[in-house]
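Protein chains in written order, with numbering that gives the first Met the number 0: chain A, 0 to 139; chain B, 0 to 139. We treat Cβ as the ideally placed atom computed from N, Cα and C, and that holds for glycine. Worksheet for the structure shown next.
2 protein chains.
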Amino acid sequence: MSLITTRSRYGLRLLVELAERGMAQAIDLGSVARRQDIPELYLSKLATPLKAAGILRSERGAKGGYRLARRPEDITVLDVVEALEGRSSLLECTGEPGACVRSGECKTLPIWSGLDKVIQDYLRGISLADAAGAAIDYTI
Amino acid sequence: MSLITTRSRYGLRLLVELAERGMAQAIDLGSVARRQDIPELYLSKLATPLKAAGILRSERGAKGGYRLARRPEDITVLDVVEALEGRSSLLECTGEPGACVRSGECKTLPIWSGLDKVIQDYLRGISLADAAGAAIDYTI
DNA sequence: TCCTAAAAAGACCTAAATAGTCTACTTATG
DNA sequence: CATAAGTAGACTATTTAGGTCTTTTTAGGA
């Protein structure tokens, strides 16, 4: 239950690179892996859920590779994180109702739910197009 | 590198209960553990870093126990999370400068730094007094 | 048509973090 | 001085994260 693991971090770097290179041609993972210093076999495992989420399209065979399935403006960082971390919520107790028997009386649950919302709102507000653009200071 | 583990969740429940019961009398962990359904031995291990962080005070001997070291209004959820998770940042690559050799060129780093800030600002904005009060909807 | 480059799929492995337990010891109050 | 409490540290189990290996499938080009 880690919020941001290397899955999200590697995956986002892959997608930002694809966004930068445009959607015209398919790009093979090996070249991305080399440029980004990410193990190719590991990166290839991240591609599967990204395809399932409708973020990537793949083309097999020679001259094959990956390209974005949608425009960079239409893919948010939240889409990527959810596809790769495989859950919508960062906490068991806020995820499914009934996960915690105390949820009715628990005074801390709203705090974690609120945190969840803050995180999701932030990640939803950044698109791949934003990320691919010039270095932006999101901390302001 | 998990953002919110049972350490933070259990620890916050302990502190909220102490905040609710006031600072007048020391409260023993055993009774908190029973009411909150938390293994007492595990809870007792969380007390140590909370003491070190100046959040809890302990009193030994018969009629001993724990009480808050500061007023509930002056303890934020961020204080608690940092004391229990033992780190200030949720990501290696944003934590220490130089942790990632690519940080100069990395287009995704500012996104994670911004996330870090958003989370810290949120947690810093909630005090134990807030949490102990009536159920608040922090998601609004 | 065969060769090669690329994705697909799934088993497998290792290390680290998390959650929790056990035991022995120390301290303070009634 | 008995007892209820905290202190300290080793120990264990489970899960997750990170990464690797192998085989198969697909498509383009000489």
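Distance between residue j and residue i (C-alpha atoms, nearest Å)
| i | j | result |
| --- | --- | --- |
| B:L127 | A:Y65 | 49 angstroms |
| B:L17 | A:T107 | 13 angstroms |
| B:Y9 | A:D36 | 39 angstroms |
| A:T75 | A:I3 | 15 angstroms |
| B:I68 | A:W111 | First, the residue type needs correcting, since residue 68 of chain B is Ala and not Ile in the sequence shown. Those two C-alpha atoms are separated by around 24 angstroms. |
| B:A19 | A:S7 | A small fix is needed here, since residue 19 of chain B is Glu in this sequence, not Ala. Between B:E19 and A:S7, the C-alpha separation is close to 39 angstroms. |
| B:Q119 | A:G60 | 46 angstroms |
| A:E58 | A:E72 | 22 angstroms |
| A:S30 | B:G53 | 51 angstroms |
| B:D115 | A:P38 | 26 angstroms |
| B:E104 | B:G132 | 46 angstroms |
| A:K62 | A:A25 | 7 angstroms |
| B:G113 | A:Y137 | 5 angstroms |
| A:A130 | A:P109 | 31 angstroms |
| A:A32 | B:R33 | 51 angstroms |
| A:R70 | A:G124 | 15 angstroms |
| B:S1 | A:T5 | 12 angstroms |
| B:A51 | B:M22 | 18 angstroms |
| B:T47 | B:L77 | 17 angstroms |
| A:E84 | B:V15 | 31 angstroms |
Chain A contact residues for residue i, given Cβ-Cβ distances below 7 angstroms
| i | result |
| --- | --- |
| B:P48 | In chain order: nothing, as chain A lies at least about 18 angstroms away. |
| B:V76 | I110 |
Whole-number beta carbon distance between residue j and residue i, since they are thought to touch under 8 angstroms
| i | j | result |
| --- | --- | --- |
| B:V117 | B:L11 | Their Cβ separation, rounded to whole angstroms, is 19 angstroms, which puts B:V117 and B:L11 out of contact at 8 angstroms. |
| B:L45 | B:L13 | 7 angstroms |
| A:L28 | A:S43 | 6 angstroms |
| A:A82 | A:L122 | With 8 angstroms as the limit, A:A82 and A:L122 do not qualify as a contact, their Cβ atoms being about 12 angstroms apart. |
Within chain B, partners of residue i - CB distance below 7 angstroms
| i | result |
| --- | --- |
| A:A130 | K106, T107 and I110 |
| A:V31 | Per Cβ cutoff of 7 angstroms: no residues; A:V31 is ~13 angstroms from chain B at best. |
Within chain A, the residues that residue i reaches when beta carbons sit closer than 9 angstroms
| i | result |
| --- | --- |
| B:I26 | Those within 9 angstroms of B:I26 in chain A number zero; the least Cβ separation is about 16 angstroms. |
Where residue i meets chain B, residues with beta-carbon distance less than 8 angstroms
| i | result |
| --- | --- |
| A:I37 | Simply none; closest approach about 11 angstroms. |
| A:L11 | T107 and I110 |
Chain A residues whose Cβ lies nearer than 8 angstroms to that of residue i
| i | result |
| --- | --- |
| B:Y41 | Within 8 angstroms Cβ-Cβ: nothing; B:Y41 doesn't reach chain A, min ~16 angstroms. |
| B:R197 | Outside the modelled stretch of chain B, which goes from 0 to 139, sits residue 197 of chain B, for which no answer is possible. |
| B:I54 | Result: empty, since nearest Cβ-Cβ is about 15 angstroms, beyond 8 angstroms. |
*Can you list, in chain order, the stretches of the alpha helix (DSSP H) that have 4 or more residues and sit fully within the stretch 18-68 of chain B?*
28-35 and 39-51, all fully within the stretch 18-68 of chain B.
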